[in-house]
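One structure below.
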């Protein structure tokens with residue numbers, strides 16, 4: 011069935027025997043609960059303490075004093091730092107002269123208020139004081155803030171490689187997990203909230219009410235969600251209207267202007283602290299109800315303490331990339347300038363389908379009025395003088411409007427609207443033209459209109475006496491106008507000949523776009539990275555003295571632990587960047603994160619993480635691994651014989667295996683035929699819309715199957731999608747592993763049957779987040795127990811990297827393999843399976859490297875980095891066991907588990923307990939459901955008989 015061409019399995023994977031650490035509990039579920047409880051101490055206690063207690067009244071006046079000031083009943087006093095275990099914290103930065111250092115900060119504990127003012131802000135001649143905020147070392151401490159990763163970057167002690175016992179809790183993350191928005195909802199929400207037109211608002215409300223009535227939903231989802239900023243969160247959760255206009259002053263005003271009204275600005279900072287504290291009290295119980303497992307809590311704190319070391323190569327990299335970009339861009343500007351001048355000499359412009367679209371209205375010559383003598387000659391200095399630039403006299407309007415006085419010449423860029431006309435750009439061989447109402451179009455003679463309609467499966471959006479105008483597709487936002495066709499999005503269309511140019515420079519522009527795709531997207535983000543080096547006063551990075559020649563530095567990534575509705579972490583630079591590519595300037599960025607001497611990065615990518623999670627959810631209906639087609643392809647499929655999932659999709663769609671991956675993941679995330687159709691057109695623009703739609707339907711019929719009643723039937727993935735949608739459609743969807751509940755914004759009582767794609771996506775991606783959290787808690791426990799000197803450096807969805815002492819790197823690799831084994835065991839256990847296939851038990855390899863990169867043997871050669879980087883190590887489980895003799899302790903005395911830390915189930919800080927999945931496999935209803943999905947009665951008779959025999 012499904013043409014899988016199942017072959018007999020080869021020899022089983024051989025893994026040498028080694029002793030695993032003992033479980034803390036009767037089973038893997040209890041083990042993770044106990045690890046979570048142990049590692050949550052004392053931070054979970056602190057969180058509940060902050061929730062249960064109040065804070066003092068905000069001081070009426072804050073001192074303009076350098077450093078920390080403490081406020082109490084007796085007034086204020088200067089202190090070295092807040093000696094507190096719990097703080098709500100906020101920092102303000104004056105952006106004058108591109109400053110990134112803190113200007114002022116306010117904190118509050120359950121007992122006192124504190125303020126901090128930068129010594130250099132008060133005294134601009136001070137060049138020796140530390141520019142970061144000292145918080146001291148007081149043992150374990152919980153710091154709460156809104157987008158607190160920004161505030162963490164300003165704390166002095168956080169830049170030490172040894173780490174601190176500070177842990178950061180983000181109210182923005184709490185809000186995302188409780189009341190976050192999906193990307194689809196965000197657009198609708200912002201449109202509704204920003205509309206000023208009462209008629210539009212009334213219409214939206216009427217439409218909304220119709221939807222709600224149709225789905226018997228009592229409340230709109232828009233009433234239970236908000237954007238992530240503090241102002242929106244305060245309005246939703248606290249009913250407080252905040253005035254955030256003053257925040258703009260930190261970006262616009264000077265140091266002296268801020269100093270003159272110091273009291274106003276530090277009080278603004280204190281108000282943010284006060285609102286954040288109230289917001290935490292409101293969100294904390296809601297967050298715990300939705301995320302009850304201690305593992306979720308602890309892992310989110312660990313993700314808030316990531317650490318990226320680098321060296322002098324960081325600044326050199328940025329300077330080199332920018333220099334290359336500027337040089338290449340100037341070459342293009344020069345050639346466009348030359349093209350503009352040559353165009354001025356063109357004859358018969360009215361016959362040219364491109365040039366006749368330009369505004370050729372000449373700029374008239376204008377002169378001052380002359381004054382004459384009686385003899386008819388000019389008076390002294392009163393001869394007629396030109397008004398304006400004589401170089402522009404009689405030049406056409408399209409030329410004049412782009413004259414740049416600073417260079418005394420015309421300046422054209424790839425964003426200039428006239429440039430596609432100068433390049434004589436065509437789409438499908440027809441001249442392009444920009445219409446104000448419809449954006450860029452291609453112009454087809456009326457006698458060829460029907461053939462173009464048939465070829466492109468689109469209709470013209472405008473027609474005049476001679477031509478039909480077809481809209482060029484917006485590749486990012488379907489239906490919207492295209493503002494610029496000379497962007498990276500249209501490179502595939504240029505490569506396939508759909509977009510073409512008569513002028514050779516058009517090709518150069520598209521090649522430039524391709525070459526600098528990464529750099530243009532990331533250079534502003536890289537400029538905003540806050541790099542702290544050993545040269546900073548009072549800073550101690552804790553690196554080896556041998557590292558001083560490399561000018562070491564540290565970047566603290568601004569990670570939001572729960573940054574999306576699926577609870578995925580968000581960070582705009584490190585979590586989104588592509589890996590080094592030979593043709594992309596700057597794409598070697600990650601490799602500029604370099605381990606200090608004596609340290610290595612140890613990490614791994616989870617193999618097919620979300621595909622495996624989806625497959626095991628589907629397989630759980632049978633209680634066995636790999637019994638569905640999707641499950642088998644995930645466990646046993648091979649790209650060598652074309653039986654793995656990606657190869658199968660590639661075969662159906664007649665495309666590369668790499669391209670097929672995009673279709674598989676989007677389908678698993680809940681995307682439908684329409685999305686797949688558009689994706690096919692983007693991958694292969696030569697397809698007609700009908701052809702793309704036909705291929706997409708075939709793919710979905712053979713994979714997802716047909717909908718029958720409340721399930722899917724007959725497809726290789728029917729069991730998976732039936733199970734995923736069953737979770738997504740439940741009253742309170744939660745993840746199978748850690749029992750985390752979906753945001754209010756996607757609960758069925760608020761959205762009815764809407765946003766199914768988002769809810770299926772949540773089921774898969776949020777389970778992937780659980781996987782990451784389970785890995786992190788396992789590593790934290792194992793590293794502490796076996797005294798492995800390691801700290802979390804970065805996580806990128808299904809990828810983890812730890813910064814590890816070289817003396818412990820192999821033991822860390824073994825710990826990571828054990829962490830993966832435990833994690834997969836928990837997923838299996840919670841889905842009702844009592845075993846785990848060896849093929850997925852361990853990472854295919856663990857990487858040990860001295861730079862951050864995707865593959866340890868990738869040289870990271872790009873146009874801006876021509877020297878290959880030496881390879882690191884990539885070790886299989888067998889090689890790790892050989893390196894360590896299978897011992898985590900390896901002669902080091904392990905720390906015993908403290909039994910007093912293992913709190914009995916049901917202790918005060920746990921809100922609910924999740925039970926493993928239990929299914930009566932022989933019940934008639936279950937069998938009938940499976941029969942519907944499988945669509946083959948004979949196979950079912952055999953299966954039913956086998957199950958009964960097995961139960962005897």
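Residue numbers (the working numbering): 11 to 962.
Glycine included, every Cβ here is placed at the ideal spot set by N, Cα and C.
Quick caveat, the model's predicted, so the values are computed rather than measured.
Cα-Cα, which of the options is closest to residue i?
i: residue 467; options: 812, 756, 704 and 897; result: 704
i: residue 826; options: 44, 809 and 838; result: 809
i: residue 184; options: 140, 104, 296 and 266; result: 296
i: residue 982; options: 490, 673, 536 and 462; result: Not covered by the structure: residue 982. The range shown for the chain is 11 to 962.
i: residue 819; options: 865, 900, 830 and 834; result: 900
i: residue 57; options: 179, 885, 125 and 830; result: 179
i: residue 326; options: 182, 239 and 875; result: 875
i: residue 314; options: 176, 104 and 929; result: 176
i: residue 584; options: 337, 573, 600 and 590; result: 600
i: residue 102; options: 453, 566, 279 and 35; result: 279
i: residue 67; options: 488, 118 and 275; result: 118
Is residue i helix, strand or coil by DSSP?
i: residue 955; result: helix
i: residue 842; result: coil
i: residue 787; result: helix
i: residue 226; result: Residue placement at residue 226 cannot be trusted, given a pLDDT of 44 that sits under 50; the coordinates are not used to answer.
i: residue 930; result: coil
i: residue 761; result: helix
i: residue 632; result: coil
i: residue 923; result: coil
i: residue 835; result: helix
i: residue 24; result: coil
i: residue 313; result: helix
i: residue 396; result: strand
i: residue 796; result: coil
i: residue 820; result: helix
i: residue 721; result: strand
i: residue 29; result: coil
i: residue 801; result: strand
i: residue 943; result: helix
Tell me residue i's beta-bridge partners as DSSP assigns them.
i: residue 472; result: 479
i: residue 319; result: 564
i: residue 86; result: 81
i: residue 155; result: 180
i: residue 609; result: 815
i: residue 615; result: 809
Between which two residues does the alpha helix (DSSP H) containing residue i stretch?
i: residue 520; result: 515-525
i: residue 669; result: 667-678
i: residue 186; result: 181-189
i: residue 463; result: 459-466
i: residue 883; result: Careful: residue 883 lies outside any alpha helix (DSSP H), inside the beta strand (DSSP E) at 883-885.
i: residue 857; result: Where residue 857 is concerned, there is no enclosing alpha helix (DSSP H), although the beta strand (DSSP E) it sits in stretches over 856-859.
i: residue 852; result: Looking at the DSSP string, residue 852 is not in any alpha helix (DSSP H), and its letter there is neither H nor E.
Quick check: is the beta carbon of residue i nearer than 8 Å to any beta carbon in chain D?
i: residue 801; result: Considering every chain present, this structure includes no chain D. It has just one protein chain.
Could you please give the first and the last residue of the uninterrupted beta strand (DSSP E) stretch that includes residue i?
i: residue 101; result: 96-102
i: residue 125; result: 123-127
i: residue 708; result: No beta strand (DSSP E) holds residue 708; the alpha helix (DSSP H) holding it covers 699-713.
- Message: Within 8 Å, do at least three Cβ pairs link the stretch 640-655 to the stretch 744-763?
- Response: no
- Task: Mind the definition here: the stretch 570-590 touches the stretch 774-786 only if three or more C-beta pairs lie below 8 Å; say whether that holds.
- Result: Contact holds: three or more Cβ-Cβ distances are below 8 Å.
- Taking contact to mean at least 3 C-beta pairs separated by less than 8 Å, is the stretch 618-633 in contact with the stretch 831-843? yes
- Query: Contact between the stretch 341-350 and the stretch 500-509: three or more CB pairs below 8 Å?
  - Reply: no
- Sufficient close CB pairs (3 or more, under 8 Å) joining the stretch 475-487 to the stretch 392-411: no
- Task: Report yes or no: do three or more beta-carbon pairs, one from the stretch 283-293 and one from the stretch 491-499, lie closer than 8 Å?
- Result: no
- Item | the stretch 98-114 in contact with the stretch 136-147 per 3-pair CB rule at 8 Å | With three or more CB-CB distances shorter than 8 Å, the stretch 98-114 counts as touching the stretch 136-147.
- Message: Below 8 Å, how does it come out for the stretch 258-274 and the stretch 787-800: are there three or more Cβ pairs, yes or no?
- Response: In the pairwise beta carbon analysis, the stretch 258-274 is classified as not touching the stretch 787-800: fewer than three pairs are separated by under 8 Å.
- Query: Is the stretch 607-622 touching the stretch 848-860 in the sense that three or more CB pairs, one from each, lie closer than 8 Å?
  - Reply: Yes, the stretch 848-860 is in contact with the stretch 607-622.
- Query: Does the count of Cβ pairs from the stretch 512-524 and the stretch 419-433 closer than 8 Å reach three?
  - Reply: Touching, yes.
- Message: Three or more C-beta pairs under 8 Å: does that hold for the stretch 114-129 against the stretch 74-87?
- Response: Under the Cβ criterion (8 Å, minimum of three pairs), the stretch 114-129 counts as touching the stretch 74-87.
- Item | Given 8 Å, three or more beta-carbon pairs between the stretch 352-369 and the stretch 536-549 | no
- Segment contact flag, the stretch 190-202 with the stretch 587-604, C-beta cutoff 8 Å, min 3 pairs: no
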